[in-house]
Structure formats: C-alpha cells, structure tokens
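*Asks:*
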Amino acid sequence: MKGVHLRLYTYENRKHHGLPVYEWLLDRAQKLGIHGGSAFKAMAGYGRHGQLHEQHFFELAGEEPVLVEFIATDEQTELLLQLLAAEQLPLFYARLPTEYGVVGQA
Numbered sequence: 000m001k002g003v004h005l006r007l008y009t010y011e012n013r014k015h016h017g018l019p020v021y022e023w024l025l026d027r028a029q030k031l032g033i034h035g036g037s038a039f040k041a042m043a044g045y046g047r048h049g050q051l052h053e054q055h056f057f058e059l060a061g062e063e064p065v066l067v068e069f070i071a072t073d074e075q076t077e078l079l080l081q082l083l084a085a086e087q088l089p090l091f092y093a094r095l096p097t098e099y100g101v102v103g104q105a
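In numbering that gives the first Met the number 0, the protein residues as written are 0 to 105.
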C-alpha cells in the first residue's frame, strides 16, 4: 500500500492543552483514524536554532528531542496537519512518500 510517513519533532517538556505534545499528537491521530503512531525520545539533537539538546545537561532537563511518527494515508495526513495549523501548534515535520504493509502470516 502507498501512503505517507509523517515525522513530527518536538521536545519532551513541551505541553499542549496540559498534555505533553507527543501524547496529545498520539491521541489526536488515533481519533482521526490513523492506525498506529510512535514517539521516540532522542539521546541528543539540535534544531533550526542550532542549540544542542542532550540528556546530561542539568539546565536542559526535559528538553530532549522527541520524534513522533505515523504511517498514514494522504487524507489522514492532511487532516492531522490541518488540525495542527488550527491549534496553532508549531512543529517541524517531514512528510515522506512511503510503501507499507505487513509481512508474514499472523
């Protein structure tokens, strides 16, 4: 099947409507019918401002990068991006065409 690999980048301590952004994203995506999503905490990273975020700096505690990703249809991806725009939630994202499926027998 063909679809979209959507990758959204945030930080562990960012909140939206009282929830960590990654939790809010997973919840909203599920409500939009996206079948699966994952959040991954990075060991280190930097963004467009060039500031390095790492776990071992005490003053940056909770600022570790978090990647939230989904495999979805084009329509589901558009709905999620429109929701983020309506919520005025600024997130860097990468939208990649992908082929997906399940291998083997269950």
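Think of the CB as a built atom: it goes at the ideal place given N, C-alpha and C, for glycine as much as any other residue. This structure is a prediction, so every number in the text was calculated from the model and none was measured.
What does the alpha-carbon distance come out to for the pair residue 91 and residue 45?
*Replies:* One C-alpha to the other measures close to 12 Å.
*Asks:* Among 1, 98 and 70, which residue has its Cα nearest to the Cα of residue 38?
*Replies:* Ranking 1, 98 and 70 by Cα distance to residue 38 puts 70 first.
*Asks:* Among 94, 35, 88 and 72, which has the Cα closest to the Cα of residue 15?
*Replies:* Taking only the C-alpha atoms, the option nearest residue 15 is 88.
*Asks:* Could you give the residue range of the alpha helix (DSSP H) that holds residue 21?
*Replies:* Per DSSP, residue 21 belongs to the alpha helix (DSSP H) from 20 to 30.
*Asks:* Tell me the rounded alpha-carbon separation between residue 103 and residue 48.
*Replies:* Residue 103 and residue 48: Cα-Cα distance of roughly 44 Å.
*Asks:* By a C-beta neighbour count over all protein chains shown, 10 Å radius and 16 as the cutoff for buried, is residue 28 buried or exposed?
*Replies:* Looking at its Cβ environment, which holds 16 or more other Cβ atoms inside 10 Å, residue 28 is buried.
*Asks:* Thinking C-alpha only, which one of 100, 101 and 24 is nearest residue 83?
*Replies:* Checked all of 100, 101 and 24; the closest Cα to residue 83 is 24.
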